[in-house]
Ligand SMILES: Cc1ncc(COP(=O)(O)O)c(C=O)c1O
């Protein structure tokens, strides 16, 4: 039998608006073929003007504060290079955090310290202690339906982070790819809403339109985003004009909004059924009931090593990303194992079967 994959956060193909994207691609190409197949302008190119204007409108900011790159991970890499170019190499992250972000910070010389996540975000006391001790250049947070845990930070935690940033003078990088995918409850203020001048927002169209377009962005001060654009030019000369033009048109015509509505309608039942299945399989070890996004997660006491869990899961027909990768230095909390359970791409019965199998391996059944 093919294994049940609890491995990656890829959108299910049912939510990709491929027909509309083909139409928009044909439309922009027939209007501006030479421009879209030629080198774009160089000299701190922040990205397609119409796209930056559309993103600025959605995010309540102005275009000169928006930089668009080839996916948000690349934007994060350029941003980390800028933020870690000075003396201060200290970075604070949620624990667990997005593994690729942690690796980027480490690659740029960052000394990464984690603060444990609770079901409603950072443990505020621990965050206060850590930032007072390590004096970070910035704190990296994924406040909405976090990858890998699914945790959505509460308003109190968001405000506490902003208050600490004001007190200690650090920047906040908020990474928001899952923010629009909310299945329950009301939208919470973004961290940038609470402290626009302290926060750099990173965002992506990968989970709300198409990951293949590779469109991600950062919103910060005009000086910061211009600096990122200069670094970008030294790496890949200019952004990709065709996919940015398609993304701009998709925002203009409401295709992103309809793709979000379709994704929410498609994913809500998967989320609800996955929460019920994971609660039944793992009980209180389930870290959070997210209400949005792609991920559930489990932090559980176990007598197994991670290697034993991976091998046992494989024998039981389940593959998953080893949880230690999501922790600074690859170190799990003592005596615990962590499992990320993406639910977005799995039929409900597969998720339930996989969760039960993993739970059995975890307790040695
Ligand atoms: C938190 C987070 N940030 C960034 C990314 C990268 O997204 P992309 O490069 O497709 O915009 C992902 C992808 O899964 C993610 O989960």
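Residue numbers (this note's numbering): 1 to 365.
For every residue, glycine included, the Cβ atom is placed at its ideal position computed from N, Cα and C.
Buried or exposed by the 16-neighbour rule on C-beta atoms within 10 Å, applied to residue i
i	result
residue 35	exposed
residue 349	exposed
residue 142	buried
residue 223	exposed
residue 8	exposed
residue 77	buried
residue 94	buried
residue 155	exposed
residue 37	exposed
residue 174	buried
residue 177	buried
residue 57	exposed
residue 184	exposed
residue 329	exposed
residue 189	exposed
residue 22	exposed
residue 284	exposed
residue 204	buried
residue 241	buried
residue 294	buried
residue 288	buried
residue 192	buried
residue 334	exposed
residue 153	buried
residue 149	buried
residue 258	exposed
residue 261	exposed
residue 310	buried
residue 265	exposed
residue 340	buried
Residues near residue i by beta carbon distance below 8 Å, same chain, minus five either side
i	result
residue 24	246, 249, 250, 253 and 255
residue 3	314, 317, 318 and 319
residue 306	322, 323, 324, 332 and 337
residue 303	364
residue 49	63
residue 263	11, 15, 181, 207 and 208
residue 132	168
residue 269	348
Cβ-based neighbour list, residue i, same chain, cut-off 6 Å, excluding 5 preceding and 5 following
i	result
residue 278	286, 296 and 355
residue 165	172 and 198
residue 44	226, 229 and 230
residue 88	137
residue 83	137 and 138
residue 20	255
residue 61	219
residue 352	277
Limits of the unbroken alpha helix (DSSP H) element including residue i
i	result
residue 124	124–134
residue 358	348–362
residue 155	155–168
residue 366	Since the first residue of the chain shown is 1 and the last is 365, residue 366 is not available in this structure.
residue 318	Segment 318–320 is the beta strand (DSSP E) holding residue 318; no alpha helix (DSSP H) there.
residue 286	Unbroken run through residue 286: none, as it is neither H nor E.
residue 309	306–315
Delimiting residues of the beta strand (DSSP E) encompassing residue i
i	result
residue 201	199–204
residue 296	295–301
residue 120	Careful: residue 120 lies outside any beta strand (DSSP E) and carries neither H nor E.
residue 172	171–175
residue 282	Per DSSP, residue 282 belongs to no beta strand (DSSP E); it is in the alpha helix (DSSP H), 255–282.
residue 73	Premise fails: residue 73 lies in the alpha helix (DSSP H), 72–83, not in any beta strand (DSSP E).
residue 30	Element bounds for residue 30: not the beta strand (DSSP E) but the alpha helix (DSSP H), 18–31.
residue 380	Beyond the ends of the chain as shown, which are 1 and 365, falls residue 380; an answer cannot be given.
residue 4	4–6
residue 340	336–342
residue 138	138–141
residue 329	Residue 329 -> no beta strand (DSSP E), and no H or E assigned at all.
residue 57	Residue 57 -> not in any beta strand (DSSP E); alpha helix (DSSP H) instead, spanning 49–59.
residue 66	66–69
residue 186	No beta strand (DSSP E) holds residue 186; DSSP gives it neither H nor E.
Beta-carbon contacts of residue i that lie in its chain and below 7 Å, excluding the five residues immediately before and after
i	result
residue 345	10 and 12
residue 136	90, 91, 92 and 170
residue 42	233, 237 and 238
residue 157	120, 121, 122 and 124
residue 53	63
residue 27	249
residue 130	92, 113 and 115
residue 359	281 and 282
residue 244	47, 48, 51, 68 and 215
residue 102	93, 112 and 328
Any non-hydrogen atom of ligand 2 within 7 Å of residue i CB
i	result
residue 183	Here the bound small molecules are ligand 1; ligand 2 is not part of this structure.
Fill in: Any beta strand (DSSP E) of 3 or more consecutive residues that is wholly inside the region 207–250
216–219
Worksheet item: Taking any heavy atom of ligand 1 as the mark, which residues have a C-beta closer than 6 Å to it, listed down the chain?
Response: 9, 71, 72, 73, 98, 142, 147, 175, 177, 204, 206, 211 and 216
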